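Structure record follows, encoded as structure tokens.
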Ligand code: GLN
């Protein structure tokens, strides 16, 4: 094991060096002003193993906005609270459309294709509100993320949430459009407030990698010994991440990386190598679809070097 772990650290160092030398970084999300201000010249990677070992390279401790990666956590929470009733609110099919697209909603009577596009994630938050105030729902989401990450310092970046609120016309349209089909149960402003704050959770690569450990080991975080979900549910969340986690770039991500993964417009990606490792990468520059450019490349290199693809 000593040589294996030494090799893993060497691989991560090499990947970080390659990424830091790259000049093709993509562009930071510019539709959310707070995110547009983030320095694109940053790269971090963290690999958490079920043994409790964690390997880091680059700025793996730097906090960033997890954005849509939070959709994995809110889905997990919703499944825990209402079980399969979640699937009355959202589907389980890849959308093939951009993350903020509205077009399919018209054809499918306001039911979003999957929980990882914006419309789907807003519907998931609606399903966990259950008449509560946004503050209470957020406390619950945050508590859950802290629990799975085994880290009580995880927090929400209020500035990012307000920045999203101020510019969130598209998300408001999605929510109103779903509501026009009678699919939204709560006050839309409260619902969007909760959604924006969920997206504005700040985490480091290391915190994020640790939070994915339950998806590595059949629903159990082997480091804390806690069963977060059943093994069947863990497998199902992983398959949704593989099929839908990168929006209309999900096929390309599966082709290049071959792991369940979830991206966010903050430039983070959480990827799961079942039975092996939970991996978080972060680099704020995005490709045209809104997925981290160097993050994807780093995962592609890591899988090539470790053979951790699920295929
Ligand atoms: N909060 C972002 C939004 O609603 C999340 C999008 C993303 O990360 N793809 O636009």
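Numbering (UniProt numbering), first residue to last: 8 to 318. Yeah, the Cβ is synthetic: ideal placement off N, Cα and C, and Gly gets one too. Just so it is clear, the structure is predicted and the values come from calculations on it, not from any experiment.
Asked: Uninterrupted alpha helix (DSSP H) stretches inside the stretch 213 to 286 (no shorter than 4 residues); Found: 220 to 223, 238 to 251 and 257 to 263
Asked: Proximity of residue 198 and residue 264 at Cβ, strictly below 8 Å; Found: no
Asked: Nearest candidate by alpha-carbon position, reference residue 77, set 314, 216, 237 and 231; Found: 216
Asked: Nearest residue (CA-CA) to residue 93, options 103, 111 and 128; Found: 128
Asked: Where residue 70 falls: helix, strand or coil (DSSP); Found: coil
Asked: Exposed unless 16 or more other CB atoms sit within 10 angstroms - verdict on residue 262; Found: exposed
Asked: The stretch 33 to 48 touching the stretch 114 to 132, judged by at least three CB pairs closer than 8 Å; Found: no
Asked: Chain-ordered list of residues that sit, by beta carbon, closer than 6 Å to a heavy atom of the ligand GLN; Found: 74, 75, 106, 107, 125, 171, 178, 206, 271, 272 and 297
Asked: Top-ranked residue by Cα proximity to residue 274, from 75, 222, 266 and 105; Found: 75
Asked: Own chain residues within Cβ distance below 8 Å of residue 12, not counting five before or after; Found: 60 and 62
Asked: Inter-residue Cα distance where the pair is residue 134 and residue 30; Found: 43 Å
Asked: DSSP bridge partner residues for residue 62 (one or two, in chain order); Found: 54
Asked: Buried or exposed by the 16-neighbour rule on C-beta atoms within 10 Å, applied to residue 189; Found: exposed
Asked: Helix, strand or coil at residue 162 according to DSSP, with G and I counted as helix; Found: strand
Asked: Distance CB(residue 248)-CB(residue 268) smaller than 8 Å; Found: yes
Asked: For residue 122 and residue 66, the rounded distance between their alpha carbons; Found: 30 Å
Asked: Residue ranges of each alpha helix (DSSP H) within the stretch 79 to 165, 4 or longer; Found: 93 to 96, 110 to 114, 125 to 136 and 141 to 156
Asked: Collapsed DSSP secondary structure at residue 45 in the structure displayed; Found: coil
Asked: When 26, 27, 58 and 17 are compared against residue 228, the one with the closest alpha-carbon; Found: 58
Asked: Straight-line gap, residue 310 to residue 103 (C-alpha atoms, nearest Å); Found: 25 Å
Asked: DSSP three-state assignment for residue 195, whether helix, strand or coil; Found: helix
Asked: Spatial distance of residue 194 from residue 174 (CA atoms); Found: 19 Å
Asked: Presumed contact (8 Å Cβ cut-off) between residue 300 and residue 293, rounded CB distance; Found: 6 Å
Asked: Where residue 34 falls: helix, strand or coil (DSSP); Found: strand
Asked: Sufficient close CB pairs (3 or more, under 8 Å) joining the stretch 49 to 56 to the stretch 168 to 187; Found: no
Asked: Own chain, CB closer than 8 Å to residue 1, minus 5 neighbours either side, in chain order; Found: Beyond the ends of the chain as shown, which are 8 and 318, falls residue 1; an answer cannot be given.
Asked: Sequence-distant residues of the same chain with beta carbon closer than 8 Å to residue 317, five excluded per side; Found: 249, 265, 266, 267, 280 and 281
Asked: Residue 253, buried or exposed, once every other Cβ within 10 Å from all chains shown has been counted against 16; Found: buried
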